[in-house]
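Engineer: The opening position of the sequence shown corresponds to residue 37 in our numbering, with each subsequent residue numbered one higher. All C-beta atoms, glycine included, are put in the ideal place defined by N, C-alpha and C.
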Amino acid sequence: MVQNSATTPVNSSPTLSRRFSVAPMMDWTDRHCRYFLRLLSKHTLLYTEMVTTGALLNGDHERFLRYHQSEHPLALQLGGSTPGDLAACARMAQEHGYDEVNLNVGCPSDRVQNNMIGACLMGHPELVADCVKAMRDAVSIPVTVKHRIGINGRDSYAELCDFVGQVHEAGCTSFTVHARIAILEGLSPKENRDIPPLRYDVAAQLKADFPQLEVILNGGIKTLEACHEHLQTFDGVMLGREAYHNPYLLAQVDQQLFGSDAPVISRAEALAQLRPYIAEHLASGGAMHHITRHVLGLGTGFPGARKFRQLLSVDIHKTQDPLGLLDQAGQLLEGR
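1. How would you call L359, buried or exposed, if buried means at least 16 neighbouring beta carbons within 10 angstroms?
2. When you compare the CB positions of R172 and G207, do they come within less than 7 Å of one another, or not?
3. Using a Cβ-Cβ cutoff of less than 8 Å, which residues in the same chain neighbour S53 once the five nearest sequence positions on both sides are dropped?
4. Fully enclosed by the region 74 to 140, which alpha helix (DSSP H) runs are 4 residues long or longer?
5. If you pair each beta-carbon of the region 121 to 133 with each one of the region 97 to 112, do three or more pairs fall below 8 Å?
6. Which same chain residues, not among the five before or five after M37, have their C-beta less than 8 Å away from its C-beta?
7. Thinking C-alpha only, which one of Y313, R342 and R277 is nearest R67?
8. Tell me which same chain residues have a C-beta within less than 6 Å of the C-beta of L196, skipping the five on either side of it?
9. With DSSP as the reference, label N47 as helix, strand or coil.
10. Can you tell which of P283, L242, Q356 and V87 has the C-alpha that lies nearest to the C-alpha of I301?
11. To the nearest angstrom, how far is it from the Cα of R235 to the Cα of G255?
12. Ignore the nearest five residues each way along the sequence and tell me which others in D351's own chain have a CB closer than 7 Å to its CB.
13. Where F72 and G335 are concerned, what is the direct C-alpha to C-alpha distance, given to the nearest angstrom?
14. Hey, quick one: how far does the alpha helix (DSSP H) through N228 stretch, first residue to last?
15. Go ahead and pull the three-state DSSP assignment for T212.
16. Which residue wins for smallest C-alpha separation from G142, given the options N228, V58 and A170?
17. Output the distance between the C-alpha atoms of F246 and P299, rounded to the nearest integer angstrom.
Right under this line is the structure:
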């Protein structure tokens with residue numbers, strides 16, 4: 037069932053916890069990706085791609101807000117800087133049953149900067165505080181912020197504390213910290229994910245100086261061992277690219293980080309459970325690669341992995357029998 041009604045649905049999923057989450061990633065964490073990731077972990081908090089307030093208020097908001105009920109716990113990330121618009125979009129999120137609404141104060145791309153969206157807002161803490169207050173006044177679900185540790189020209193620790201302090205005073209109690217500054221001129225968004233050095237020590241100092249706040253660490257985390265280590269300091273960890281390129285990492289999250297005693301799903305079982313969803317998508321006129329592009333990362337680290345990826349990334353565009361090809365790919369995962 038796809039959730040797109042204007043009423044808040046009954047949510048029987050695990051309660052929202054930010055102990056482990058997958059980051060909002062443009063062009064990656066769409067509803068098909070999230071459905072797949074949920075098969076691997078029931079407790080991971082999932083985020084949408086960033087959706088701008090303009091897209092929701094002036095476009096087909098049902099298309100942007102659509103999701104499958106199984107995706108809970110699920111947060112909507114918004115991009116915007118007009119308090120009234122963000123409040124209206126937060127209300128949409130609540131009406132559609134999202135568990136959290138998150139404000140993007142970390143995206144460094146030129147396109148969003150020109151619209152006063154993303155990391156450039158770190159230079160305007162008063163405005164971010166006004167946005168958070170407007171959103172919190174509009175909804176009862178949590179309002180959170182994802183941000184950098186600074187931007188070029190405003191990257192001192194004192195300025196970071198000023199930002200967090202003002203936004204906290206507006207009522208925000210949960211901050212997801214990408215532990216890099218953002219360089220707003222001269223670096224692409226991709227370069228901004230690699231070139232500015234990671235400063236976990238700055239994020240840790242923030243948690244020490246604001247012990248009453250929930251501080252989630254994001255940036256450069258690649259293993260569950262690293263998650264365990266960071267959880268000694270932080271309230272949660274958020275994985276981005278590693279969770280996407282190596283999604284099977286999520287299969288052990290519930291057991292290792294949430295104390296679940298459920299059996300670990302195999303790669304083959306995950307693909308088999310995804311098959312009915314793919315068949316439904318095909319029946320509605322969709323293409324299989326809309327979904328299977330997100331599962332290519334299952335094909336890593338075993339004999340036949342390259343063939344698995346080739347089937348679902350190259351051969352998929354040639355076949356007249358997409359489900360048959362999916363089953364062929366699934367055979368390569370048997371026992372894995």
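Structural biologist: Straight from the coordinates:
1. exposed
2. yes
3. H79, L81, P109, G272 and F294
4. 89 to 94, 97 to 101 and 119 to 131
5. By the C-beta criterion, the region 121 to 133 is judged to be in contact with the region 97 to 112, since at least 3 inter-stretch pairs fall below 8 Å.
6. In this prediction, M37 has a pLDDT of 39, which is less than 50 and means its spatial position is unreliable; nothing more can be read from the coordinates.
7. Y313
8. I185 and G186
9. At N47, the pLDDT of 47 sits below 50, so the modelled position is not reliable; the number obtained from the coordinates is stated separately. Here N47 sits in coil by DSSP.
10. P283
11. 9 Å
12. Cβ within range, chain order: L361.
13. If I take the Cα positions, the gap works out to 14 Å.
14. Note, N228: alpha helix (DSSP H), P225 to N228.
15. Secondary structure of T212 (DSSP, three-state): strand.
16. N228
17. Looking at the two C-alpha atoms, the distance is approximately 37 Å.
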